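What follows is a set of notes on a single structure, which appears directly below.
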Amino acid sequence: MIEAATTLKPDSESSGSRVVIFEELFHDTPRSFRVFLSGLERELSAAGVRYEIVSPHWPVPGKRGQAVHLLVSALLRQVVYPFWARRRFAPDAINFLVSAGLAQLLWLAPKSCRIVVFCHDVFVFLPHEVRGHRLDFGGSLRRWSLSVLQRRTLRRADLFIAPSARTRADLITYIGVPADRIVVIPHRLDDSVFKEGCRTEARRLLGWPAAAPIVFAVVNTERRKNVETLVEAVHMLVAEIPEIRLALLGHLSSRQRRLIDRSGLAERVIHVDGLDNADVAHCYQAADCLIHVSFYEGFGYPLLEAMASGCPILCSSRGAIPEVVGECAEFVDPSAPEAIARGIRSLLGDPGRRQALTTAGLVRAATYATDRGYWRALRRVREL
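Quick note: the sequence shown uses the numbering used here, first residue 55, plus one each step.
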């Protein structure tokens, strides 16, 4: 399936230009990718650029993280999609991959095509001591296979757009991309949705406890999101703060659910999934703080959304996280549950510090609310 959108009033610089956007599998797209793609579409439309979205809507059984989903998704992504996409690359257009995870599409792409890749991160290529955790779905074997299959293929791209200086540095160091072929454009905040709100009203709308201290985290089934350590840290606080609640947004694996049950936190965990952006914004507004203790991030959308929503942040200091939040967060060691527990205790017990982080975060988030200049960057591919 190809979804196409065309604007009607191209300016002089974009007249005659066309972009073909290759999207992730429809049932295998993280929310952050969807947010990025909507921002890209908005900017291309505003610039009067004609674009098409190549979007394979193939059914994938199960949910992300489940074995059947992983197997079918891998087959479609690694084998079927490259053959299906090869006739959709356009030599007369700028061909744009929304993720470096689609590098395999370049195996069969015509050599005459101009290729731009948006690289959210390259954590699968990082050595263990930098990444900080074992890779899901194969560990070192997965890293080796991806290095063999994708590293050289990725270097075929004419231009990379990275959301952070850290991802740019990783592309240079671990993929071997020349520095002059990388443009850094931080993700854009949708400040029409993510903004400060009333905590009491947000909790009422979500059905969350009105008075309980609630710590919030955006998670998924990947090890790098560090759900296990977060659960352990909250468990350490139960005796001291018996009314504490842990709100988790995102799909949880059966292993993670069992961990929560074994920890005795099942009655204290609020699990939500499949929310629209308005309700996600309510989650940030309702929480006392966001806990974002990922082992590695190439950017970290939840950090941006939390700052814009007036939610104080406790986070790790790895990857691009410090680059995104600046001094608008408290930092902890993500591998130490005791440190995370101390950080949560400190923030919950210090309303003044939470307010200071909220105020600083709102100011910083506003700097991400302008258009990002994706089309200006895409035009650079003509000069390479």
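The C-beta atom is built at its ideal place from N, Cα and C for all residues, glycine as well.
Computed from a prediction, not measured in an experiment: that's the story for all the values here.
Below 8 Å on the Cβ atoms is my guess for residue i versus residue j; work out the distance and round it to an integer in Å.
{"i": "S317", "j": "H289", "result": "5 Å"}
{"i": "H346", "j": "L357", "result": "6 Å"}
{"i": "A332", "j": "F353", "result": "In fact, because the Cβ distance is near 22 Å, the residues do not count as touching under 8 Å."}
{"i": "S371", "j": "N280", "result": "With a Cβ gap of about 13 Å, S371 and N280 do not count as contacting."}
{"i": "P110", "j": "F137", "result": "Wrong, their Cβ atoms sit about 11 Å apart, outside the cutoff."}
{"i": "L401", "j": "C343", "result": "5 Å"}
{"i": "E377", "j": "A219", "result": "6 Å"}
{"i": "W112", "j": "L130", "result": "6 Å"}
Three-state secondary structure (DSSP) at residue i?
{"i": "R396", "result": "helix"}
{"i": "L180", "result": "coil"}
{"i": "N331", "result": "helix"}
{"i": "R96", "result": "helix"}
{"i": "F80", "result": "helix"}
{"i": "R168", "result": "strand"}
{"i": "H346", "result": "strand"}
{"i": "A419", "result": "helix"}
{"i": "V272", "result": "strand"}
{"i": "P64", "result": "Residue placement at P64 cannot be trusted, given a pLDDT of 41 that sits under 50; the coordinates are not used to answer."}
{"i": "H426", "result": "Note that residue 426 corresponds to Arg in the displayed sequence, not to His. The answer is coil: DSSP assigns R426 none of H, G, I, E or B."}
{"i": "R210", "result": "coil"}
{"i": "R433", "result": "helix"}
{"i": "Q310", "result": "helix"}
{"i": "V122", "result": "helix"}
Taking Cβ positions, are residue i and residue j nearer each other than 9 Å?
{"i": "R426", "j": "I236", "result": "no"}
{"i": "S127", "j": "R433", "result": "no"}
{"i": "V152", "j": "L213", "result": "no"}
{"i": "F172", "j": "I215", "result": "yes"}
{"i": "I268", "j": "I324", "result": "yes"}
{"i": "F76", "j": "A147", "result": "no"}
{"i": "A423", "j": "C382", "result": "no"}
{"i": "L302", "j": "V273", "result": "yes"}
{"i": "Y135", "j": "Q120", "result": "no"}
What are the partner residues of residue i, as DSSP defines its beta bridges?
{"i": "S370", "result": "V386"}
{"i": "I324", "result": "A301"}
{"i": "I148", "result": "V73, R168"}
{"i": "A216", "result": "V238"}
Does at least one heavy atom of the ligand FMN sit under 8 Å from the Cβ of residue i?
{"i": "Y355", "result": "Absence of the ligand FMN from the depicted structure is noted, as is the absence of any ligand whatsoever, leaving it without description."}
For this session: Would you check if the region 237-248 and the region 100-113 touch, i.e. whether three or more CB-CB distances between them fall below 8 Å?
Result: no
Problem set entry | Any 3 or more C-beta pairs closer than 8 Å across the region 401-408 and the region 211-230 | no
For this session: Determine contact between the region 308-317 and the region 339-350, defined as no fewer than three beta-carbon pairs at a distance below 8 Å.
Result: no
Exercise. Are the region 363-378 and the region 259-267 in contact at 8 Å, needing three or more beta carbon pairs?
Worked result: no
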